[in-house]
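Contents: one structure, followed by commentary.
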Amino acid sequence: MTNGTDLELVCEGDHCDVWLLLRVAKAFRSVDAKQRARILELMRILSRDGKTYLAPDKFRFEERFRVGGASGRDVPVYAIKGWKVRIYGSFIQVQGRNAFVGSEIDPSKKQNAADRGKLERAALNLVPWL
Numbered sequence: 005m006t007n008g009t010d011l012e013l014v015c016e017g018d019h020c021d022v023w024l025l026l027r028v029a030k031a032f033r034s035v036d037a038k039q040r041a042r043i044l045e046l047m048r049i050l051s052r053d054g055k056t057y058l059a060p061d062k063f064r065f066e067e068r069f070r071v072g073g074a075s076g077r078d079v080p081v082y083a084i085k086g087w088k089v090r091i092y093g094s095f096i097q098v099q100g101r102n103a104f105v106g107s108e109i110d111p112s113k114k115q116n117a118a119d120r121g122k123l124e125r126a127a128l129n130l131v132p133w134l
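Those letters in the sequence shown? Residues 5 to 134, by the working numbering.
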């Protein structure tokens, strides 16, 4: 389901909804089915219960980025982590509801350390919704 603003709804929950940018959703659909299922389950837990029940090796804060220049905002970037797949995003409001929006993907992660360029793009990609 899309909302007309380049987002695709993945799941709805009591804690938050989980959305992906359409570009991220398209890349996510090409990820190995087993890994995609694991990450979808993490997204369901996040939407239902929040990050409390997700271990740091599955969901974690990565870094905060200033977007929009000197008068801009700090955007905290989080990672939903599967085996060699990462979805980066942040918590914002979408259609008046709390939401986690996945705004960047690393579909073939080669090392444990996050790619700083992808983290920064994740923050910048959220500017239209801030």
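Cβ atoms here follow ideal geometry from the backbone N, Cα and C, with glycine treated the same way.
In chain order, what residues of the same chain have a beta carbon less than 6 Å from the beta carbon of residue i, not counting five sequence neighbours either side?
i: Leu26; result: Asp10 and Glu12
i: Arg120; result: none
i: Ala118; result: Glu66
i: Lys62; result: Leu46 and Lys85
i: Lys55; result: Phe63
Between which residues of its own chain and residue i is the CB-CB distance below 7 Å, once the five residues before and five after are set aside?
i: Phe65; result: Pro80 and Tyr82
i: Met47; result: Val14, Cys15, Val22 and Ile84
Taking the beta carbon of residue i as the centre, do at least 16 other beta carbons fall within 10 Å, making it buried, or is it exposed?
i: Asp110; result: buried
i: Trp23; result: buried
i: Gly106; result: buried
i: Leu50; result: buried
i: Ala59; result: exposed
Less than 7 Å separating the beta-carbons of residue i and residue j?
i: Gly76; j: Ile43; result: no
i: Gly93; j: Arg52; result: no
Could you give the distance in angstroms between the alpha-carbon of residue i and the alpha-carbon of residue j?
i: Gln39; j: Phe32; result: 10 Å
i: Gly72; j: Ala37; result: 36 Å
i: Leu123; j: Arg70; result: 12 Å
i: Phe95; j: Ala127; result: 11 Å
i: Leu130; j: Lys30; result: 17 Å
i: Asn116; j: Val28; result: 20 Å
i: Arg101; j: His19; result: 9 Å
i: Val35; j: Glu108; result: 14 Å
Identify, in the order they occur along the chain, each residue of the same chain with its Cβ nearer than 8 Å to the Cβ of residue i, setting aside the five sequence neighbours on each side.
i: Ser112; result: Lys88 and Val89
i: Ala103; result: Cys20, Asp21, Val22, Trp23, Phe95, Ile96 and Gln97
Going residue by residue through the segment 10-84, where are the continuous alpha helix (DSSP H) segments of at least 4 residues, counting only ones entirely within it?
26-33 and 37-53
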